[in-house]
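J.: For the sequence shown, the tail end lands on 1064 under the working numbering, and the numbers increase by one without skipping. Heads up, the beta-carbon is just placed ideally off N, CA and C, and yes, glycines get one too.
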Amino acid sequence: MVMNACWMKDAAAVGSVSKRAGAAGISVVDFLKSMGHGVENHAEKIAKKIESLDELLAVRRMQLKKIEIPCKQRKMIMRYTEKYRQNIWRPKIMESS
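1) Can you tell which of ILE1036, TYR1051, PRO1058, ASN1054 has the C-alpha that lies nearest to the C-alpha of ASN1008?
2) Look at the alpha carbon of GLU1016 and the alpha carbon of ILE1034, and state the distance between them as a whole number of angstroms.
3) Starting from the Cα of TYR1051, find the closest Cα among MET1029, ALA1025, GLN1030, CYS1038 and give me that residue.
4) For GLU1018, name the three-state secondary structure that DSSP assigns.
5) Start and end of the alpha helix (DSSP H) containing MET1002?
6) Can the beta-carbon of LEU1020 be found closer than 7 Å to that of ILE1044?
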């Protein structure tokens, strides 16, 4: 029962963050490219499978592994999505000139 309560709490947290994320209008590719650490090399591949930022914030490690994302980059994605949820980190959107 405790696991279900924790999962529901996490789902509620993702829901509240996704409202803020949707308002920001950040694409999955921009979000991933702003992380650095080699994640930008896999941004297009991830964006094909994960279409919205809401889905990215709710993604699990095994889903990224099935997409064949290397371990180091999976770890960075999980770390930065958690920082984003906690409002510690925000992606810097690069303007193309």
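T.: Let me spell this out:
1) For ASN1008, the nearest C-alpha among the options comes from ILE1036.
2) The question names Glu, but residue 1016 in the sequence shown is Lys. LYS1016 and ILE1034 have their C-alpha atoms spaced approximately 8 Å apart.
3) When each option's Cα is compared against that of TYR1051, the closest is ALA1025.
4) It is coil, neither helix nor strand.
5) For MET1002, there is no enclosing alpha helix (DSSP H), as DSSP marks it with neither H nor E.
6) It is not a contact, given that the beta carbons lie outside the stated cut-off.
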